[in-house]
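S.K.:
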Amino acid sequence: MDYILLILGIVVLLKGADYLVSGSSAIAKKFGVSSLIIGFTVVAFGTSVPDLVVSIVAALDGQVGTVFGNVIGSNIANILLILGVIAIIKPLNIKKTTALREILFSLLAAIVLLLISNNFILGGSSDSFLTRIDGLILLLFFVVFLFYFMSPKKTSKIPTEGFKQRHNIWKEIWVIIFGVIGLYLGSKWTVESVSSIALSFGVSDFLIASTAVALGTSLPELITSVKAATRKESDLAIGNVIGSNIFNIFGVLGITFVIAPIEIQKLINIDILFLIFITMLLLSFVFIGKKYKLERWHGILFIVFYVLYIIFLLLRG
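Read left to right, the sequence shown gives residues 1 to 317 (full-length UniProt numbering).
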């Protein structure tokens, strides 16, 4: 029953996120919000909103392992599994600006998470609590990220003439409401099933969250990125994945810590360090061999690393 609840929870989560994005995007267009802002905020937020809701519900329930397992597991899966699969299907050409900005910023996000999770590194106390101040620090970085990437770009208004006839705003509001309900129910079922499965097998909730839940909540990034790659929009494919990683740490964890401060498990440092390592590996791959290109052998190596990481998690329990 727990497995059915887990699958059902993830499915409802994804559908709820889809409704939320669809309704929000339609209303944004109705009021003439630019396509750039819609794409950068509504869509980017939409692919990570399952991680956000699961993390908040888990934090309020005191399931620290689920919070970190979901976010760190999703970020690792995004790089090793999603980019690995995409690179094998079709090698990715990466713009220089993407390599120097998005990937470097995602590396910064992982390093900042390591630092605030270990206050003694910065000369602070040796406690293992992540407070609201830590959450605000992450959110501050997220605001800087938004301003840095959006300010140099020009935005244009979307024509709204005729939109009213095609879209009923009240219909979109109901779509958003159903989306929010789906997110709440899906996250609740997911968190409850993770806790129950972990207890039945005698393993940590981090293990279940960083594998089954992380894979489930990474489906939006996988689908979006594969579609982009097959349409020869490789920069969009990698940008979606890396952008999600940045949002997961600065946005998801930032909001989660502000709502519910939690006590961190020092064992998670290993996973954060591994995330830093593979992000640096991705950055090095971009500059090695055919410059600014992620090749098939890179993808194969990523998949191998992901399998080894899963084996490590299973052995650790």
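Each residue gets a CB set at the ideal place from its N, CA and C atoms; glycine is no exception.
Quick caveat: nothing in here was measured; it's all calculated off a predicted structure.
#1: What three-state label does DSSP hand I94 in the structure shown?
#2: By the three-class DSSP mapping on this structure, what secondary structure does L130 have?
#3: Nearest to T190 by alpha carbon, out of F31, K30, G73 and P50?
#4: From the DSSP output, in three-state form, read off residue 338 for me.
#5: Below 6 Å CB to CB, which residues in the same chain sit around H298 once its five sequence neighbours on both sides are set aside?
#6: Exposed or buried, which one is F312 when buried takes at least 16 other CB atoms within 10 Å?
#7: Under 8 Å by Cβ, that's how I've got N245 and A58 pegged, so tell me the actual separation to the nearest angstrom.
#8: With distances taken between CB atoms, is the gap from S74 to A214 smaller than 8 Å?
#9: Between the segment 59-71 and the segment 265-284, can you find at least three pairs of beta-carbon atoms closer than 8 Å?
#10: From the DSSP secondary-structure annotation, give me the bridge partner or partners of K30.
#11: Which same chain residues end up closer than 6 Å to L60 when comparing Cβ atoms and leaving out the 5 residues on each side of it in sequence?
#12: How should F31 be labelled, buried or exposed, when 16 other C-beta atoms within 10 angstroms of its C-beta is the threshold for buried?
#13: So the candidates are A237, V85, L222 and S48; which of them puts its Cα closest to the Cα of N70?
#14: Going by DSSP in three states, L52 sits in which element: helix, strand or coil?
#15: Along the alpha helix (DSSP H) that carries N269, what are the first and last residues, could you check?
#16: Quick one: using the 10 Å Cβ neighbour count with 16 as the cut-off for buried, is Y3 buried or exposed?
#17: Going by C-alpha to C-alpha distance, which of I173, K293 and F68 sits closest to T211?
#18: Can the beta-carbon of N78 be found less than 8 Å from the beta-carbon of Y292?
#19: Nearest to T256 by CA position, among I223, L130 and G23, is which residue?
#20: Taking the straight line between their C-alpha atoms, what separation do you get for V53 and I181?
#21: Over the uninterrupted alpha helix (DSSP H) stretch that includes N248, give me the two end residues.
#22: In angstroms with no decimal places, state the Cα-to-Cα distance between V200 and G186.
M.R.: In short:
#1: Here DSSP, grouped into helix, strand and coil, assigns I94 to coil.
#2: For L130, the three-state secondary structure derived from DSSP is strand.
#3: Closest option to T190, Cα to Cα, is P50.
#4: Outside the shown range of the chain (1 to 317) lies residue 338, about which nothing can therefore be said.
#5: By the criterion of a C-beta distance shorter than 6 Å, H298 is surrounded in its chain by A87 and F285, once the five residues flanking it on both sides are discounted.
#6: Around the CB of F312, fewer than 16 other CB atoms lie within 10 Å, so the residue is classed as exposed.
#7: Between A58 and N245 the Cβ distance is about 19 Å, and since that is not below 8 Å, they are no contact.
#8: Between S74 and A214, the gap from beta carbon to beta carbon is short of 8 Å.
#9: The segment 265-284, when compared against the segment 59-71, does touch it at the 8 Å Cβ threshold.
#10: The secondary-structure analysis by DSSP pairs K30 with nothing; it has no beta-bridge partner.
#11: Correct list, in chain order: A260.
#12: By the neighbour-count rule (16 or more Cβ atoms within 10 Å), F31 is not buried but exposed.
#13: Residue S48 is the option with its Cα nearest to N70.
#14: Helix.
#15: First-last of the alpha helix (DSSP H) with N269: I268 to F287.
#16: Classification for Y3: exposed.
#17: T211 has its Cα closest to that of F68, out of I173, K293 and F68.
#18: Between N78 and Y292, the gap from beta carbon to beta carbon reaches 8 Å or more.
#19: Of I223, L130 and G23, the smallest CA-CA separation from T256 is found for L130.
#20: The alpha-carbon separation between V53 and I181 amounts to approximately 11 Å.
#21: Segment: none, N248 is in no alpha helix (DSSP H) and carries neither H nor E.
#22: At residue 200 the sequence reads Ser, which differs from the Val that was named. Approximately 21 Å between the Cα atoms of the pair.
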